[in-house]
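Here's the structure, in structure tokens; my notes come after.
Number of protein chains: 2
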Amino acid sequence: MDNFSFYNPTQIEFGAGKEQGIGQILAHHGIKKVLLTYGSERIKRDGLFATVSNSLQQQGIAFVECGGIVSNPVLSKVREGIALAREHQVEAVLSVGGGSVLDSSKAIAAGTPYAGDVWDLFIGTGQIEAALPIFAILTLAATGSEMNNGAVVTNEETQQKFAINSVHTFPKVSIVNPALMQTVSRDYLVYSAADIIAHSIEGYFTASVQPKIQSRLVESVISTVIETTEALLADPTNYAARAEFAWASTLALNGITYAGTSGFSYPNHMIEHSLSALFNVPHGAGLSVVMPAWMKWYCARNPAQFERFAQQVFGLKTAEEGIAALERWFDKIGTPTRLSQLGITEAQLPNTIENVLSHAHWFGLAELYTRDAVTRILRKAL
Amino acid sequence: MDNFSFYNPTQIEFGAGKEQGIGQILAHHGIKKVLLTYGSERIKRDGLFATVSNSLQQQGIAFVECGGIVSNPVLSKVREGIALAREHQVEAVLSVGGGSVLDSSKAIAAGTPYAGDVWDLFIGTGQIEAALPIFAILTLAATGSEMNNGAVVTNEETQQKFAINSVHTFPKVSIVNPALMQTVSRDYLVYSAADIIAHSIEGYFTASVQPKIQSRLVESVISTVIETTEALLADPTNYAARAEFAWASTLALNGITYAGTSGFSYPNHMIEHSLSALFNVPHGAGLSVVMPAWMKWYCARNPAQFERFAQQVFGLKTAEEGIAALERWFDKIGTPTRLSQLGITEAQLPNTIENVLSHAHWFGLAELYTRDAVTRILRKAL
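Going down the list, the protein sequences come from chains A and B. For the first sequence, full-length UniProt numbering begins at 1 and goes up steadily by one. For the second sequence, full-length UniProt numbering begins at 1 and goes up steadily by one.
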């Protein structure tokens, strides 16, 4: 077990109806005016917006709307949110949506008090020294953003999908009500499952130090995702399954399963970020394509852990059987496993490879992920 | 999964040498004078006291010593610490020791700003509305106190072993260096193993709502404790095993494995607290006696979960086989499984039963744990 620091001060308010208390939570934190960020206008049709705005009004909390945040959230929208936050002098950001809305909200919260352009914070030419307090009501369980300090945003001009994280960008409070997730489409449910599994396996397979207790925790998360995804495909109103799926999603990336591991990297995310940036594919759909291909390419580097995965997650014996089982499971639940299913053709590979290579040094992966390596991985996904 | 709130702001600094940074950590929090609490004078012989005091001096932090805290920590010592803290107007408490020192430190931290007597806070006639900031250097992994807000103290006059917890009694920072635990005696290692398993199974078996993902996390903790205890008995200098043991101990009671569970209780702790209070047996030794007896008595109330335990932890089939395997394992590692091994005779049962019954309503267990039930459980442990 490697030395580590663990600190995660986010308060999770989990369960049915919790969003009704958002006004009181903000009031408790002394907030009188928020930027209310969201995605589509769906929250206005399904009643969530009304619940939230009523709760705010009851506590005398003013809000400024910043809607229209898209998945694979973009920098231009973050800049728009920062301008709004400054103009109206809001005291906090309240994110109502999934990981894209929350990531954008974190970027807005960090960018508002920063004197320069917010993209500086992503490329390291500026430091996050403060942020507006962040509050969240989660409507999709996938990214884990509700209980960590990371945010990923795409710069449309440079086609870069980059991340920030800082001690200032943990949400103060995240409300996770599984009942709000019942209306998530079948597609986004299975993409989310792929996303959670990706968060789980990146460290699990790539860490040079991977304590067994942490492997056990990761396997607990993956087994839960597999089981509850199947339950939810059979019955989207299964609250117990929806709740365990959501908690698995939070645990996958709140730092608990990564404590004491080291030397790990995010190659699947690196490659997928190029697919998202170039072809605007859903993040989880990109990941379910990349993962089996990457696993086939990588598994000889850590055979014992791939065997462990096969045994503990699927009750199988060999590394190859485990990888095949995961790929079959992705096929079964209906998340893509081939680039062609994303509409990406062989002719588009060179451009994709260039984009991955241009990101590789940001992920600390330029050495292992050469042109040859990335080509081999992507060709396995054709 | 039941509704829950999760909030745990304790920063964990885990790993070799981390205690050398204690002065900087306190300085970062603006602390200039601390009450330094500890147990025996061993820390002065083994160099830890010198490391800590040097680090404090380098940062110009003054300290007042409060040593001599014993296991099953007592109220009189807590009152002594509060008097010292007030007299010297310390700004924080720095606990250097195991769970008993840390629990005493939490009680001192809460009692110092409280106008009345600190025992009020344990029996509910007073509320914890503030506490001195708490910092810890852990020398024994067992209680999980390093990453939660609970503290258990025995009132010697009333023979009551009661608990406090409050949002104010989370340690700000806990340093967990597994290397400092290498000198823990063989006895205390196995008692600690029993303690961690007890923290894990109380909720696991008694909860009326026990999500499967949480059962998986608990089983990950227990499997790790079993594996690493055996490794440490074979080689006490095995750092990797010591580290996983310590992290398992933290995870068992930091709230993660209890999130979303409900309707659970602490019957093994309730019964053991009477053994500690009356006969001053080590907490873990008392627990390894109580647990198998309690499990045999309780298992018909939750047969599926006991079967799951047998299967997932020991690879066995029936509830009875699982309980027998745990009892055998306690025997194998050398922690007691019989009251007689604690020097408690049949003649002392009536007095013990009275003590348990007198505590039962504090644990919310007066209804199920009648005189007859407690008698049956304790007789199984004779």
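Here a beta-carbon is modelled for each residue, glycine too, at the ideal position from N, C-alpha and C.
Distance CB(residue i)-CB(residue j) smaller than 9 angstroms
i: B:N149; j: B:F170; result: yes
i: B:G68; j: B:A27; result: no
i: B:G99; j: B:A252; result: no
i: A:T352; j: A:L378; result: yes
i: A:F245; j: A:P336; result: no
i: B:I333; j: B:L180; result: no
i: B:T135; j: B:V64; result: Per the sequence presented here, residue 135 of chain B reads as Phe, with Thr not at that position. No, the pair does not count as a contact, with Cβ atoms beyond the cut-off.
i: A:G81; j: A:A107; result: yes
i: A:W119; j: A:L75; result: yes
i: B:A62; j: B:K32; result: yes
i: B:A141; j: B:T250; result: yes
i: A:A310; j: A:F264; result: no
i: A:A166; j: A:Q11; result: The displayed chain sequence assigns Ser, not Ala, to residue 166 of chain A. It is not a contact, given that the beta carbons lie outside the stated cut-off.
i: B:L287; j: B:I197; result: yes
i: B:A325; j: B:K161; result: no
i: A:L94; j: A:P113; result: no
i: A:P303; j: A:K380; result: no
i: A:G260; j: A:F4; result: yes
i: A:I213; j: B:V221; result: yes
Rounded separation between residue i and residue j - CA only
i: B:T139; j: B:K296; result: 34 angstroms
i: A:H29; j: B:F314; result: 47 angstroms
i: B:G97; j: B:I43; result: 8 angstroms
i: B:S340; j: B:S223; result: 28 angstroms
i: B:I323; j: A:S192; result: 39 angstroms
i: residue 445 of chain A; j: B:G15; result: Since the first residue shown for chain A is 1 and the last is 382, residue 445 of chain A is missing from the structure and cannot be characterised.
i: A:G284; j: A:A115; result: 34 angstroms
i: B:K172; j: B:F6; result: 16 angstroms
i: A:A50; j: A:E41; result: 12 angstroms
i: B:Y266; j: B:V90; result: 35 angstroms
i: B:Q312; j: A:V52; result: 43 angstroms
i: A:V281; j: A:V78; result: 20 angstroms
i: B:F205; j: B:F306; result: 7 angstroms
i: A:F363; j: B:R45; result: 47 angstroms
i: B:T345; j: B:A151; result: 30 angstroms
i: A:V70; j: B:I128; result: 45 angstroms
i: B:N54; j: B:T370; result: 54 angstroms
i: A:E354; j: B:S185; result: 58 angstroms
i: A:Y188; j: A:A194; result: 10 angstroms
i: A:V225; j: A:W247; result: 10 angstroms
i: B:E219; j: B:T229; result: 15 angstroms
i: B:S200; j: B:I256; result: 11 angstroms
i: B:M270; j: B:Q159; result: 13 angstroms
The alpha helix (DSSP H) enclosing residue i, as first and last residue numbers
i: A:I134; result: Unbroken run through A:I134 is the beta strand (DSSP E), 134 to 138; no alpha helix (DSSP H).
i: B:L287; result: 283 to 298
i: B:G322; result: 319 to 333
i: A:V374; result: 371 to 380
i: residue 396 of chain A; result: Residue coverage of chain A in this structure runs from 1 to 382, which leaves residue 396 of chain A outside it and unanswerable.
i: A:D46; result: Note, A:D46: premise wrong, no alpha helix (DSSP H); not H, not E.
i: B:L368; result: Careful: B:L368 lies outside any alpha helix (DSSP H) and carries neither H nor E.
i: A:P336; result: Where A:P336 is concerned, there is no enclosing alpha helix (DSSP H), given that its DSSP letter is neither H nor E.
i: B:G111; result: 99 to 111
i: A:M118; result: Strictly speaking, residue 118 of chain A in this sequence is Val, with Met absent from that position. That residue, A:V118, is in no alpha helix (DSSP H); it is neither H nor E in DSSP.
i: A:L316; result: Careful: A:L316 lies outside any alpha helix (DSSP H) and carries neither H nor E.
i: A:Q24; result: 22 to 28
Start-to-end residues for the beta strand (DSSP E) that takes in residue i
i: A:I12; result: 11 to 14
i: B:T37; result: 33 to 38
i: A:S5; result: 4 to 6
Legend entry - Those runs of the alpha helix (DSSP H) which lie wholly inside the region 182 to 237 of chain A and span at least 4 residues: 186 to 206, 212 to 234
Legend entry - Interface positions of the region 243 to 262 of chain B facing chain A (Cβ-Cβ less than 8 angstroms), listed along the chain: A243, E244, W247, A248, L251, I256, A259, G260
Legend entry - Under 9 angstroms (Cβ pairs) to chain B, residues found in the region 1 to 35 of chain A: M1, D2, N3, F4, S5, F6, Y7, N8, P9, T10, Q11, I12, E13, F14, G15, A16, G17, K18
Inset, instruction - Report the residue ranges of all beta strand (DSSP E) runs contained in full by the region 150 to 179 of chain A; include only those spanning at least 3 residues, in chain order. - result: 150 to 155, 160 to 165, 173 to 176
Inset, instruction - Identify each residue in the region 203 to 220 of chain B for which the Cβ-Cβ distance to at least one residue of chain A is less than 7 angstroms, and report them in chain order. - result: P211, K212, I213, R216, L217, S220
Legend entry - Ranges of the alpha helix (DSSP H) found wholly within the region 66 to 91 of chain A, counting only runs of at least 4: 75 to 88
Inset, instruction - Report the residues of the region 140 to 156 of chain B with a CB closer than 7 angstroms to any CB of chain A, ordered along the chain. - result: none
Legend entry - Contacting positions in the region 51 to 62 of chain B - beta carbon closer than 8 angstroms to chain A: none
Inset, instruction - Go through the region 241 to 272 of chain A residue by residue and report every complete run of the beta strand (DSSP E) that reaches 3 residues or more, in order. - result: none
Legend entry - Proximal residues, the region 220 to 236 of chain A versus chain B, C-beta separation under 7 angstroms: S220, S223, T224
Legend entry - Interfacial residues, the region 120 to 132 of chain B to chain A, with Cβ spacing under 8 angstroms: none
Inset, instruction - Could you please tell me which residues of the region 173 to 205 of chain B, in chain order, have their CB closer than 7 angstroms to any CB of chain A? - result: none
Legend entry - Against chain B: residues of the region 283 to 311 of chain A by CB proximity under 8 angstroms: none
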